[in-house]
Amino acid sequence: MSQDNSQNEKKVDIKSLVSVIPPASALKNREREPPKEKRVKVRKKPEVDEGTIIISNKLVSQMNIKNEVEISVKGKRLRLKVISQDGLQDIEVWANPSDMLKLGLEDNSTVTLRVV
Numbered sequence: 001m002s003q004d005n006s007q008n009e010k011k012v013d014i015k016s017l018v019s020v021i022p023p024a025s026a027l028k029n030r031e032r033e034p035p036k037e038k039r040v041k042v043r044k045k046p047e048v049d050e051g052t053i054i055i056s057n058k059l060v061s062q063m064n065i066k067n068e069v070e071i072s073v074k075g076k077r078l079r080l081k082v083i084s085q086d087g088l089q090d091i092e093v094w095a096n097p098s099d100m101l102k103l104g105l106e107d108n109s110t111v112t113l114r115v116v
């Protein structure tokens, strides 16, 4: 009989433990913040002005880009002004060849695009 009493004392009420965990619906309703960075392919386009980058409208709205982005590759970073344009793929951005040369990039290189 003494063993039964000791086991009952050790048991913890499960309902009190579960009440701390929020329901799944509360977790699902949280708004996701836009991604801070994304891997994209950068293409050489001589018609793009130096110091600017052309990005698709969809990517601008996805990442919540205002007016500047940062391209980084191999530890090097470069800040560029954004021009949004329709008709581009989401994973592709256009940059000036001289800007790409500063980072040591060739055409169709993969870089990290960050929101500034």
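Residue 88 in UniProt numbering sits at position 88 of the sequence shown, and the numbers go up by one each step.
C-beta atoms are modelled at their ideal positions from N, C-alpha and C, and glycine is treated no differently.
Since the structure is predicted, the reported quantities are computational estimates derived from the model, not experimental observations.
| Item | Value |
| --- | --- |
| Quick check: what's the CA-CA separation for ARG77 versus LEU17? | 49 Å |
| When the Cα atoms are used, what is the spatial distance from ARG79 to ASP99? | 10 Å |
| Compute the Euclidean distance between the alpha carbons of ARG43 and GLU33, then round it to the nearest angstrom. | 28 Å |
| Per DSSP, which residues does SER84 bridge with? Please list them. | ILE55 |
| Hey, how far is the Cα of GLY87 from the Cα of SER56? | 7 Å |
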